[in-house]
Every structure is written in structure tokens, then in C-alpha cells.
Amino acid sequence: MEQEKWINSVMNSTDGITQVKPDVLLFSKIENKIKRQNVVSNKWIWIAAASFAILFSLNFKVIFSGPNKSNTDTEMLVASIYKSNQLY
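Residues in the sequence shown are numbered consecutively from 1, following full-length UniProt numbering.
Right under this line is the structure:
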């Protein structure tokens, strides 16, 4: 019951407010701003797409080519450290 009173008071709180009239030229101003917006040319769209494709292909190549170094150097280093590393 109290919740319904609160809901009704909130809903009726805007009854005394007068409606604001917008500027007569507001709609035409909005339309003019929309028409004057800068449009990106197709050339720049294609340049961005090509740059993305090049970047993607380079990343793909770097990730999947990996180092061609054999593991023998690393294994030898680990083996030499392992023999001399006495913890007790």
C-alpha cells in the first residue's frame, strides 16, 4: 500500500511542470550538422584495411615461424647448471 502511494507520487511529480518549446530552427540546425559531418573517403578505408592485413600477416608469420635455434644450447646450459647447483 505504501509502495503504491510512493509510485503514484513519483508518477504525479511532473504534473506541474510546463513543457519547454524548442527553438523553431533547431531541426534545421541538426540537419545541417549531420550534412556537414566529415565523411571518410574510400581511399583511407582501403589503406586502413591493407595496413591491418599486413600487420595481421606479419604477426602470424612471427608467431608461427618461431625461433629455429635448436634446443641443444639450452639443454647444455641447463645440464651444466644442474650439475653444479648443490642446494644442501
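Where is the CB? At the ideal position from N, CA and C, for every residue including glycine.
Remember, predicted model here, so these are calculated numbers, not experimental data.
So what's residue i in DSSP terms, helix, strand or just coil?
i          : result
residue 91 : Residue 91 falls outside the range modelled here, since the chain spans only 1 to 88, and no answer is possible.
Ser13      : helix
Thr18      : coil
Ser41      : coil
Leu25      : coil
Look at the alpha carbon of residue i and the alpha carbon of residue j, and state the distance between them as a whole number of angstroms.
i          : j     : result
residue 90 : Asn32 : Any question about residue 90 goes unanswered here, given that the chain covers just 1 to 88.
Leu55      : Val39 : 25 Å
Phe27      : Gln19 : 18 Å
Val78      : Thr72 : 10 Å
Leu25      : Lys43 : 36 Å
Ser65      : Gln37 : 45 Å
Asp23      : Ser41 : 34 Å
Lys5       : Gly16 : 18 Å
Phe60      : Lys35 : 41 Å
Lys21      : Ser13 : 20 Å
Leu58      : Ser80 : 37 Å
Ala48      : Ile63 : 22 Å
With 8 Å as the threshold, decide whether the Cβ of residue i is near any Cβ in chain D.
i     : result
Lys33 : Among the protein chains of the structure shown there is no chain D, as only one such chain exists.
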